[in-house]
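The next block holds one structure in the form of structure tokens; read it before the comments.
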Amino acid sequence: MPTTSTQTRKSTATRSAAARTPDAIKLLTQDHKDVKALFKEYEKLVKAEADDSQKQALAEQICEMLSVHAQIEEELVYPAAYDVMADEADLVDEAQVEHASAKDLIAQIRGMQPSDDLYDAKVTVLGEYVEHHVKEEEKEMFPKLKKTELDLKELGASLQARKSELMGEEAPKAH
1 MPTTSTQTRK STATRSAAAR TPDAIKLLTQ DHKDVKALFK EYEKLVKAEA DDSQKQALAE
61 QICEMLSVHA QIEEELVYPA AYDVMADEAD LVDEAQVEHA SAKDLIAQIR GMQPSDDLYD
121 AKVTVLGEYV EHHVKEEEKE MFPKLKKTEL DLKELGASLQ ARKSELMGEE APKAH
């Protein structure tokens, strides 16, 4: 089938965006660092007995970041990982189950007020879940993905575009 000029432009735009976007693993690892910093900030607010509105705003930021991160992994990374790491499907299965647990806690936190019993505990446990999940991804899944034929630059561009879309931001323009 012949390539249309629209397909060519889109392909060129995707390659151009991929050249400027970190690879998928760098992008996901940066998300991990960013959310870890937010959990530390939340812990400081709790220790300082900060105003409920500050805690709620930060908890919502954490929940939003994690929700978007989980969605882009589930939509793009995990299907690709299943394709290229069929013999390691259990790693991806575990990640999916960990996401389900985190999403359940996120829903509980979003349905609460900081003054409610267990609010701070739920945010803390969410941080612990995320820390465990991140360790498994960064120490087990990501090194194995790097050894596959998966185009991590292209996947990174797709992740960034989808993340921007989910966050209501404009995706980076291709030049």
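Letter by letter, the sequence shown follows residues 1 to 175 in UniProt numbering. Don't be surprised by glycine CBs; every beta carbon is placed ideally from N, CA and C.
{"Asked": "Pick out whichever of Leu-58, Val-134, Glu-149, Pro-22 has its Cα sitting closest to the Cα of His-99.", "Found": "Val-134"}
{"Asked": "May I ask you to report which of helix, strand or coil DSSP gives Leu-118?", "Found": "coil"}
{"Asked": "List in chain order: all unbroken alpha helix (DSSP H) runs of 4+ residues lying wholly within the segment 98-145.", "Found": "119-136"}
{"Asked": "Does DSSP put Ala-48 in a helix, a strand or coil?", "Found": "coil"}
{"Asked": "In three-state DSSP terms, what is Thr-148?", "Found": "coil"}
{"Asked": "Can you give me the Cβ contacts of Cys-63 inside the same chain, cut-off strictly under 7 angstroms, excluding the 5 residues immediately before and after it?", "Found": "Ile-106, Ile-109, Arg-110"}
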